[in-house]
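One structure below.
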Amino acid sequence: MQQGKILVTGGAGYIGSHTALALLEAGYEVVVLDSLVNASREALRRVEQITGRALTFIEGDVRDRVCLDRLFSEHPIHAVIHFAGLKAVGESVAQPLAYYDTNVNGSLTLCQAMQQAGVFRLVFSSSATVYGPNAPVPYHESMPRGRTSNPYGTSKAMVEQALEDLVNADGRWSVSLLRYFNPIGAHPSGKLGEDPQGIPNNLLPYIAQVAVGRRPSLTVFGNDYATADGTCVRDYLHVMDLAEGHVSALGRLHEPGTHVYNLGTGQGLSVLEVVEAFARISERPIPYHFASRREGDLAAFWADPQKAQRELGWRARRGLGEMMADTWRWQRQNPNGYRSEINTPSQGT
Ligand code: NAD
Ligand code: WQD
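In the UniProt record's numbering, the protein residues as written are 1 to 349.
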């Protein structure tokens, strides 16, 4: 059914690997480009094992124009899904140049190579953070981008702007900007999931590591927000729903222009609601203590997801229980992430 392959940059990472799997299951041929700076080759081996299909893996950097030109000359690419980037908010404050280089320069280099190769279909990983701190909830795509509060968020807003300008300048381009809310969960097989290096920045990997005994207790950042229980509220969505959202977005790329979609459930959950749900599903206590607010955190936001439903026929289908159960299965079976394969081969059941 397709006229070529799908290039997935950053396809060995958390969202990219689940999307590569969803693409293979939908019948696409997949080429992954990843530098492995924050990922493991093992994730792709497991994608192939689960799907029973092979993909092409190229270890390379999205800022490397020579590598990109070779890739496009060797593979007929129908469309690109661009995940490759750095994503740790705190690190972006400490190392802004690295973030602008990878996220902005990497995206521009990719677009230049695509243009040269005559490939004009792109899906870009954006973030709800581009709405900024003052947008009313729920966030709707018609709202303007807001003032971003860290280099990570600014890099996403800059790439969105650059892509809009590119579409305006050249009518051959079709670009989807997908604004993710808070992806969590794992593939239901327990073989594929989120594998952060070092201390997790994000809530779910931290909770899962407490449950499995890698960390003693969760620090809940702030219990004095103007929310029902005082903790922050977010729109958590299952990574498989998010992956399927990318497959749906590909279907829209025959129409030139910029297409912006929120990918979220439309429902907010507090930190304590998530902790309680995880404890219930895992049947493990999740000890936690309150600490002061984390700088830059917003009290509460969630998506208006209706545009994606209307135009892409996509909506998040998996509920909180499934998100918790799948996260727990992944963490239990891979207590040390993809390194478990090497370090604890007997724990893979
Ligand atoms: P991830 O770190 O697991 O995946 C990113 C992948 O990109 C990794 O495999 C990494 O090795 C690769 N990469 C990084 N720099 C590269 C480079 N220069 N060249 C080639 N590959 C490179 O992160 P993720 O959570 O899967 O996020 C994927 C994308 O979605 C990112 O662009 C991220 O900013 C965006 N996003 C993520 C979230 C989230 O909560 N996870 C939310 C909104 C947006
Ligand atoms: C969720 C809630 C924390 C860890 C971030 C980025 C965003 C996007 C997704 C993309 C917050 C609380 C967390 C912990 C806690 N990134 N928390 N203890 O901050 O909504 O979004 O990831 O690439 O741009 O900002 O997600 O999972 O970090 O936090 O209490 O140890 O959990 O304060 O309220 P966030 P998160």
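We put the beta carbon where it would ideally sit given N, CA and C, even for glycine.
My output table needs one value for residue i: the three-state DSSP class, helix, strand or coil.
i: D34; result: strand
i: G348; result: In this predicted model, G348 has a pLDDT of only 36, less than 50, meaning its place in the structure is not dependable enough to derive any value.
i: V93; result: helix
i: G13; result: coil
i: V137; result: coil
i: P205; result: helix
i: H246; result: helix
i: Y338; result: helix
i: G257; result: strand
i: A20; result: helix
i: V175; result: strand
i: T102; result: helix
i: residue 373; result: In the structure as shown, the chain begins at 1 and stops at 349. Residue 373 is therefore absent and cannot be evaluated.
i: R234; result: strand
i: F290; result: strand
i: K5; result: strand
i: F281; result: In the sequence on display, residue 281 carries Ile and not Phe. Three-state result, I281: helix.
Thinking just about the alpha-carbon of each residue, which of the options is nearest to the one in residue i?
i: residue 371; options: D297, F72, G146 and G13; result: Look at the range of the chain in this structure, 1 to 349, and you will see that residue 371 is not part of it.
i: K307; options: A300, M324, V271 and G266; result: G266
i: L71; options: S17, T9, L253 and R41; result: T9
i: Q333; options: K191, V275 and R45; result: K191
i: V32; options: H75, V66 and Q49; result: H75
i: A243; options: G4, H18, G11 and K5; result: H18
i: T56; options: V62, R45, I50 and V66; result: R45
i: L24; options: K156, H246 and Q331; result: H246
i: V274; options: V66, S126, P205 and G60; result: P205
i: N103; options: A303, G146 and T154; result: T154
i: R172; options: R310, V119, L178 and N182; result: V119
i: E194; options: G4, N38 and N168; result: N38
i: F278; options: E322, V47 and A54; result: E322
i: T258; options: L122, Y338, V239 and P196; result: L122
i: E29; options: R41, V47 and S40; result: V47
Exercise for the section: Just jot down, in chain order, the residues whose CB lies closer than 5 Å to any heavy atom of the ligand WQD. Expected result: K87, V89, S127, T129, N202, L203, Y206, V220, F221, C232, R234, V271, R294 and D297
Problem - Runs of beta strand (DSSP E) wholly within the region 36-100 (minimum 3 residues, chain order) - result: 56-59 and 77-82
Problem - Given 8 Å, three or more beta-carbon pairs between the region 250-265 and the region 204-213 - result: no
Exercise for the section: Please determine if the region 216-231 and the region 131-142 are in contact, where contact requires at least 3 C-beta pairs separated by less than 8 Å. Expected result: Touching, no, given that fewer than three Cβ pairs across the two stretches are closer than 8 Å.
Exercise for the section: Evaluate the contact criterion for the region 76-83 versus the region 107-116: three or more CB pairs, one atom per stretch, below 8 Å. Expected result: Here the region 76-83 makes contact with the region 107-116; the two share three or more CB pairs at distances below 8 Å.
Exercise for the section: Decide yes or no for the touch test of the region 183-203 against the region 321-333: beta carbon pairs closer than 8 Å, at least 3 of them. Expected result: yes
Handout entry: Sequence ranges, beta strand (DSSP E) only - wholly within the region 105-159, length at least 3
Key = 121-127
Practice task
Could you tell me whether the region 274-292 touches the region 51-69, where touching means 3 or more Cβ pairs closer than 8 Å?
Solution key: Too few Cβ pairs lie closer than 8 Å, so no.
Exercise for the section: Counting only runs of 3+ residues fully inside the region 290-329, write out the beta strand (DSSP E) ranges in chain order. Expected result: Taking only runs of at least 3 residues, no beta strand (DSSP E) segment lies wholly in the region 290-329.
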